[in-house]
Each structure stands twice: as structure tokens, then as C-alpha cells.
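Student: Just remember that our numbering sits 1 ahead of the position in the sequence shown, which is counted from 1. Don't be surprised by glycine CBs; every beta carbon is placed ideally from N, CA and C. Note that the structure is a prediction, hence the values are computed from the model and not measured. Got a structure for you, written out below as C-alpha cells; questions coming shortly.
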Amino acid sequence: MSAVAALVARRVAPVAAALATAVVFLILALLPPLRRALLRWEHVASTRRRWARACRHAGLETANARVPRIVSIRRLVSGDVCRVKVPAGGNVTALEQSTETLAAALGLREVRVARDRLCGTYAEVVLAKGDPLADPTPLDWPDLLADRLSLWDPVTVGVDENREPLTVSMVERNILIGGEPGAGKSAAASLLLATAALDPSVKLWLFDGKLVELAVWQRCAERVLDFHAEPAITALEELQAEMNVRYRTLLTADRRKVESSDGLPLYLVAIDELALYLNGEDRKQDRRFANLLRDLVSRGRAAGIIVVGATQKPAADVMPSAIRDLFGFRWAMRCSTRDASDTILGAGWASLDYNAATIDPACRGVGLLLAEGGVPVRCKSYYLSDDQLRAVAQRAARLRGRRADDESPALAVA
Numbered sequence: 002m003s004a005v006a007a008l009v010a011r012r013v014a015p016v017a018a019a020l021a022t023a024v025v026f027l028i029l030a031l032l033p034p035l036r037r038a039l040l041r042w043e044h045v046a047s048t049r050r051r052w053a054r055a056c057r058h059a060g061l062e063t064a065n066a067r068v069p070r071i072v073s074i075r076r077l078v079s080g081d082v083c084r085v086k087v088p089a090g091g092n093v094t095a096l097e098q099s100t101e102t103l104a105a106a107l108g109l110r111e112v113r114v115a116r117d118r119l120c121g122t123y124a125e126v127v128l129a130k131g132d133p134l135a136d137p138t139p140l141d142w143p144d145l146l147a148d149r150l151s152l153w154d155p156v157t158v159g160v161d162e163n164r165e166p167l168t169v170s171m172v173e174r175n176i177l178i179g180g181e182p183g184a185g186k187s188a189a190a191s192l193l194l195a196t197a198a199l200d201p202s203v204k205l206w207l208f209d210g211k212l213v214e215l216a217v218w219q220r221c222a223e224r225v226l227d228f229h230a231e232p233a234i235t236a237l238e239e240l241q242a243e244m245n246v247r248y249r250t251l252l253t254a255d256r257r258k259v260e261s262s263d264g265l266p267l268y269l270v271a272i273d274e275l276a277l278y279l280n281g282e283d284r285k286q287d288r289r290f291a292n293l294l295r296d297l298v299s300r301g302r303a304a305g306i307i308v309v310g311a312t313q314k315p316a317a318d319v320m321p322s323a324i325r326d327l328f329g330f331r332w333a334m335r336c337s338t339r340d341a342s343d344t345i346l347g348a349g350w351a352s353l354d355y356n357a358a359t360i361d362p363a364c365r366g367v368g369l370l371l372a373e374g375g376v377p378v379r380c381k382s383y384y385l386s387d388d389q390l391r392a393v394a395q396r397a398a399r400l401r402g403r404r405a406d407d408e409s410p411a412l413a414v415a
């Protein structure tokens, strides 16, 4: 009997050892996920407890002692994004008005509230602990070494507060970029121009109010205008005529808008120091330029004409609201006042804590981008140095068959 037991033991021992080893490895493999799950659970529970206390400190408790409740939490680099449900008797407006008190009670940098566009019971609440965009180191543009790009594709322009890449689709869109001097308007606009330049099918028309801001792209452009009013007006008239021709072409083809398969090139019209063209010495010329630009911005989108405007402060006394309000996308860099921020993004955003005046002056390139999502996104734009701009422009000029000594009339400053 002992011999049989010994034989069984010899046969079972290797199997038992293998099973034990497998169990050990399984435990070791599961420990990190289990640890992460426990930490996640503890973080969610702690955040919900602290949030409930903060809401009571902020006076958000209803008559039946209920407070806005966190339904779900998503971690960010700089904090958390919470989906919050407001109890019966409460409202999101009260939550929006209590952000400063909530931030103080929670010990956070800021609290931002955005009402759910589909249901007034819910809101998205950002609990920001630090500022992931405060690092002064410039961000390299991911497409810096690209051989060519397409403006029909989304344009990479920066990173959001979770350090995730941010893109904008410029087809059928116009964008207004504003902010105080040195805030990063030119750097932001240069990303759109670089993408358009690296698409050899795109026709670039440049209105360079400072003469030097867009000069690097001259050999890539169909037309370059300086600050003089008459040539600028003539150029807009030519663009208007092209737009009208395109609409007649679309009508004949029973189409409503230009598409990539049509073979019609996109136009990118970049206007730097836009206010300069709208506030010249001749009021009649100012009105003519404004009327042409308004027509181009309002009707040009479906015809494949994209307008990129940059200015310091597009207030009504500088830029007519009839033009400003037509820009579907807005990018507010650092502004000196709350009103200036609202002038760029649109009235009311500052009261919802989307205020570009709160951006640290040292954080160049940081701004609020109002694009596809319909809600401003705090972001930091990528940056192209002067040397990098020249390298991209030279590569773009070669794509377009332009030489370094090209002096063709189409490239001459008007």
C-alpha cells in the first residue's frame, strides 16, 4: 500500500507544483489590476463624500436635504470630470453660480460647470486640481515633418487639459482668433496656414496687415495683400466673383456644396490684423471691405472658401457684430478683460466660467477654443518657431512647384 501511495505522490507532485506555480503567477498578475480597482473605488467614494460636503457648504441643499449627486467620474490629468444630477428643487444655474465656493471647499484650482444640452437635470462638472497647460515649454507640432497634408482632414492644433490632441475640421468653417498682444494668436493661426500650405491643391490668399506676419508663406500664396485698402477690396471682389461662379457650377450639377470629389480647390483666406482693414482712413472703403467680407464669410463656406481672421479685440466699435457673429469657430487666447473674452467667444460664456481673462499671462499659447463641440475647450496650441515655419514654407513651395527666386505677379505684394 505504501508503494502505491509513493507512486501516486510521485505522479501528483509535479502537477501540484505546476498548479501552485500557476496560482502564484495568477495572483501576481491580478494584484496590479486589483490594486488599481481598489484605488479607483476609494477615489470615487472619497470624491463623492467631499462633493456632498462642499455642496452643503455652498448652500445647494434642497428643502428635503438633498444635494447635487455625482453619477459618474472620469479621471483627467488635472483632476476629474463628473456627471452630476441635480435633485428635485435644485437647478444647474445655482450650481454654476457656486463654482467659487465649491472650489474653495474642495481645495481645487477651479470648478467648471456646463449644463447638459439634452437634459436640464444633469451637468458636467470639471474638478481641476492643477493646470496641466502651465508648462511654458512650447509644444512641437506633430505634423512638422509631414511631406504633405490635406485641408479636407482635421487639422491638429494643440492639446486639451487631459493632454489629448485637439483637432478642428476647417471645411465649411470660418474661425476668428483673438486675444491680447503676445498671447499666441499668430502661433495658432500659423498651424492652420501650415496645413493649408502643405496641401498643394489649396489656394492661399493672404491679407498681411503687419507686412511681416504672413511673409513666410508668400511663395505658397496665390495673392498677398498689404494694409492698403484698395488692393484688399479688389481681392475680396475677386474672391466674391469666384464664389458666385462656384455656386452657378453647383447649381448646374444639382449640388449644394463643394466636396473633395469635385476637384474644386479649397481657398483659405487669412486676414491678419483684421481690425486694420475695417478701421481705415476712408469710411466708405471700410464699409465696402466690411460688406464684401460679410458676404464671403456668410456664403463662402459651402463654396469651399475658408476665412481665418485674427485680431486683438473684435469689439463692435472695431469689428461689426454682423461680421463677428458669422464666424462659427472662435479661439480666444489670453484677454485683458472678461468682456474682451466674451467679445471673442460670444456673450455669456464668461459667466459660465469660460473666461480667457483668467488665463495666466505667462502661459503663452493657452486659450479657449470654441469649435465642433459647441462648448469652449481650454487648450494649448502647438508652436512653430521661425526656423520651423521657414522649413515648412520651403517644403510647401516645392510641392507647389515654386522656386526660391519666384517673382511672379501672383506672389507680389499688392
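(1) What is the rounded straight-line gap between the Cα of residue 260 and the Cα of residue 197?
(2) Residue 86: which of 335, 194 and 68 sits nearest, CA to CA?
(3) Out of 41, 231 and 271, point me to the one whose CA is closest to residue 81's CA.
(4) Excluding sequence positions up to five away, which residues of its chain have a Cβ less than 6 Å from the Cβ of residue 202?
(5) Return helix, strand or coil for residue 186, following the three-state DSSP convention.
(6) Extract the residue ranges of the alpha helix (DSSP H) inside the stretch 204-291, only unbroken runs of 4 or more that lie entirely within it.
(7) Mind checking which residues open and close the alpha helix (DSSP H) that includes residue 400?
(8) Using 8 Å as the threshold, is the stretch 152-159 in touch with the stretch 206-213, meaning 3 or more CB pairs across them?
(9) Going by the C-beta, is residue 62 closer than 8 Å to any heavy atom of the ligand ZN?
(10) Once DSSP output is grouped into helix, strand and coil, what is the label at residue 332?
(11) By Cβ distance, which residues of its chain are closer than 6 Å to residue 139, with the 5 residues on each side in sequence left out?
(12) What residue does the beta strand (DSSP E) around residue 116 start on, and which one ends it?
(13) Hey, residue 135 and residue 103 are a contact pair by Cβ (cut 8 Å); roughly how many whole angstroms apart?
(14) Determine the extent of the alpha helix (DSSP H) in which residue 373 is found, giving its start and end residues.
(15) Does the structure place the stretch 354-372 close enough to the stretch 169-182 that three or more beta carbon pairs sit under 8 Å?
(16) Quick check on residue 310: buried or exposed, where buried means 16 or more other Cβ atoms within 10 Å of its Cβ?
(17) Rounding to the nearest angstrom, what Cα-Cα distance links residue 356 and residue 250 in this structure?
(18) Apart from the five residues on each side of it in sequence, which residues of its chain come closer than 6 Å, Cβ to Cβ, to residue 126?
(19) What residue range does the beta strand (DSSP E) around residue 71 cover?
(20) Would DSSP call residue 97 helix, strand or coil?
(21) Assign residue 239 to one of two classes, buried (16 or more other C-beta atoms within 10 Å of its C-beta) or exposed (fewer than that).
(22) Rounded to a whole number of angstroms, what is the C-alpha to C-alpha distance between residue 112 and residue 63?
(23) Please classify residue 196: does DSSP put it in a helix, a strand, or coil?
(24) Which first and last residues belong to the alpha helix (DSSP H) in which residue 346 is found?
(25) Residue 79: buried (16+ other C-beta within 10 angstroms of its C-beta) or exposed?
Tutor: Let me lay it out:
(1) The straight-line gap from Cα to Cα measures roughly 16 Å.
(2) For residue 86, the closest C-alpha among the options 335, 194 and 68 is that of 68.
(3) The residue among 41, 231 and 271 with its C-alpha nearest the C-alpha of residue 81 is 41.
(4) These residues qualify, in order along the chain: 266.
(5) If DSSP states are grouped into helix, strand and coil, residue 186 belongs with the helices.
(6) Restricted to the stretch 204-291, the alpha helix (DSSP H) segments that are unbroken, complete and at least 4 residues in length are 230-253 and 275-279, listed in chain order.
(7) Residue 400: member of the alpha helix (DSSP H) spanning 387-400, first to last residue.
(8) Too few Cβ pairs lie closer than 8 Å, so no.
(9) Of the ligands one can find in the structure shown there are none, so the ligand ZN has no counterpart to examine.
(10) Looking at residue 332 - three-state DSSP - the assignment turns out to be strand.
(11) Result list for residue 139: 384, in chain order.
(12) Under the DSSP assignment, residue 116 falls in the beta strand (DSSP E) whose first and last residues are 111-116.
(13) With a contact defined as Cβ atoms closer than 8 Å, residue 135 and residue 103 miss out at about 22 Å.
(14) Per DSSP, residue 373 is not a residue of any alpha helix (DSSP H), being assigned neither H nor E.
(15) Yes: at least three Cβ pairs fall under 8 Å.
(16) Residue 310 is buried by the Cβ-count criterion.
(17) Straight-line Cα distance between these residues: approximately 43 Å.
(18) Contacts found: 83, 85 and 114.
(19) Per DSSP, residue 71 belongs to the beta strand (DSSP E) from 70-77.
(20) Residue 97: helix per DSSP, three-state reduction.
(21) With a 10 Å radius around the Cβ and a threshold of 16 neighbouring Cβ atoms, residue 239 comes out exposed.
(22) C-alpha separation (whole angstroms): 21 Å.
(23) If DSSP states are grouped into helix, strand and coil, residue 196 belongs with the helices.
(24) That run of the alpha helix (DSSP H) goes 339-346.
(25) Buried is the call here.
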